[in-house]
Amino acid sequence: MGRQKLARFEHNANVHNVIEPGKELFETVRKNWDKLFFKNGNPIVLELACGRGEYTVGLAKEYPNKNFVGFDTKGARIWKGSTIAIQNGFTNVAFYRHTIDFLDQYFEKGEVSEIWVVFPDPRPLERDEKRRLVHQRYIDMYKHVMGGGGIFNFKTDNRELFDYGLEVVKSNNPKSLIYTHDLYNSDYLGFHHGIQTKYELKFLAEGFKINYLRCEF
Ligand SMILES: C[S@@+](CC[C@H](N)C(=O)[O-])C[C@H]1O[C@@H](n2cnc3c(N)ncnc32)[C@H](O)[C@@H]1O
Numbered sequence: 004m005g006r007q008k009l010a011r012f013e014h015n016a017n018v019h020n021v022i023e024p025g026k027e028l029f030e031t032v033r034k035n036w037d038k039l040f041f042k043n044g045n046p047i048v049l050e051l052a053c054g055r056g057e058y059t060v061g062l063a064k065e066y067p068n069k070n071f072v073g074f075d076t077k078g079a080r081i082w083k084g085s086t087i088a089i090q091n092g093f094t095n096v097a098f099y100r101h102t103i104d105f106l107d108q109y110f111e112k113g114e115v116s117e118i119w120v121v122f123p124d125p126r127p128l129e130r131d132e133k134r135r136l137v138h139q140r141y142i143d144m145y146k147h148v149m150g151g152g153g154i155f156n157f158k159t160d161n162r163e164l165f166d167y168g169l170e171v172v173k174s175n176n177p178k179s180l181i182y183t184h185d186l187y188n189s190d191y192l193g194f195h196h197g198i199q200t201k202y203e204l205k206f207l208a209e210g211f212k213i214n215y216l217r218c219e220f
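Note that the sequence shown covers residues 4 to 220 in my numbering.
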């Protein structure tokens, strides 16, 4: 393993805003975010498969009265968001280094108010359909932690994945739904808060159009 990666893992092991296996809060914080981590009852917003956590820290700055948790399995990526949050003194940011596959075990029903899934792995193979983060089994978890309400945001360059996710979302009869296949030439540009992740910048540079949907369950 490279020296830089080791240094990032050491950072994660020693800072309060990265919760990962082996740390005390890793088990106890589940369904206790308000009491054990944030120490307030503000709404909780999730960025799932967050990579470097651009939405987590970007929205945390914009909404100091909301709490944000970024989830990813990769510590070297989470390190970036954690570092930015510490440098800026954001107390409303946490990163949870673990799979989102058991999200409904980490939050009480209705504990979450909004979810962002941004440029997830496309998983184009049919045999990987269940691993797409907009598969019905994930949407069921999202709906559970948002308690039957809540806002779901999904942004990707990948048209196939987007159309797949759109159909799944529609089949759940959301209370409201807006979507576009070309975010930057749409009326919905304001909804993404002008935040661009590492993957978004890469795909924009390659000339891809950006798909975005926002629904309320
Ligand atoms: C293509 S990257 C996108 C990262 C970031 N959202 C961005 O836009 O730059 C996909 C990320 O999803 C994470 N990931 C994939 N499956 C996951 C899962 N089941 N639980 C948590 N993270 C996951 C990967 O580790 C990776 O960082």
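By construction, the Cβ of each residue, glycine as well, lies at the ideal position given by its N, Cα and C atoms.
Cβ distance (whole Å) where residue i is taken to contact residue j below 8 Å
| i | j | result |
| --- | --- | --- |
| residue 184 | residue 212 | 6 Å |
| residue 196 | residue 56 | With a Cβ gap of about 14 Å, residue 196 and residue 56 do not count as contacting. |
| residue 46 | residue 77 | In fact, because the Cβ distance is near 26 Å, the residues do not count as touching under 8 Å. |
| residue 156 | residue 118 | 7 Å |
| residue 106 | residue 144 | 5 Å |
Option in the options with minimal Cα separation from residue i
| i | options | result |
| --- | --- | --- |
| residue 26 | 16, 35, 34 | 16 |
| residue 84 | 173, 66, 112, 54 | 54 |
| residue 28 | 127, 218, 99 | 99 |
| residue 114 | 154, 194, 140 | 154 |
| residue 281 | 167, 149, 116, 101 | Nothing can be reported for residue 281, as the shown portion of the chain is limited to 4 through 220. |
| residue 178 | 192, 10, 203, 152 | 152 |
| residue 116 | 40, 48, 125 | 48 |
Nonlocal neighbours in the same chain, by C-beta distance under 6 Å from residue i, ignoring five residues either side
| i | result |
| --- | --- |
| residue 8 | 79 |
| residue 214 | 159, 165, 184 |
| residue 51 | 74, 103, 120 |
| residue 63 | 71, 93, 95, 96 |
| residue 126 | 134, 135 |
Any non-hydrogen atom of ligand 1 closer than 8 Å to residue i Cβ
| i | result |
| --- | --- |
| residue 110 | no |
| residue 51 | yes |
| residue 71 | no |
| residue 54 | yes |
| residue 123 | yes |
| residue 80 | yes |
| residue 203 | yes |
| residue 117 | no |
| residue 94 | no |
Straight-line gap, residue i to residue j (C-alpha atoms, nearest Å)
| i | j | result |
| --- | --- | --- |
| residue 36 | residue 172 | 27 Å |
| residue 199 | residue 20 | 22 Å |
| residue 201 | residue 86 | 16 Å |
| residue 59 | residue 65 | 10 Å |
| residue 90 | residue 82 | 12 Å |
| residue 218 | residue 38 | 29 Å |
| residue 132 | residue 123 | 13 Å |
| residue 220 | residue 146 | 7 Å |
| residue 175 | residue 193 | 25 Å |
| residue 109 | residue 32 | 8 Å |
| residue 187 | residue 13 | 39 Å |
Contact set for residue i: own chain, Cβ-Cβ below 7 Å, skip 5 residues either direction
| i | result |
| --- | --- |
| residue 182 | 169, 215, 216 |
| residue 111 | 34 |
| residue 150 | 112, 113 |
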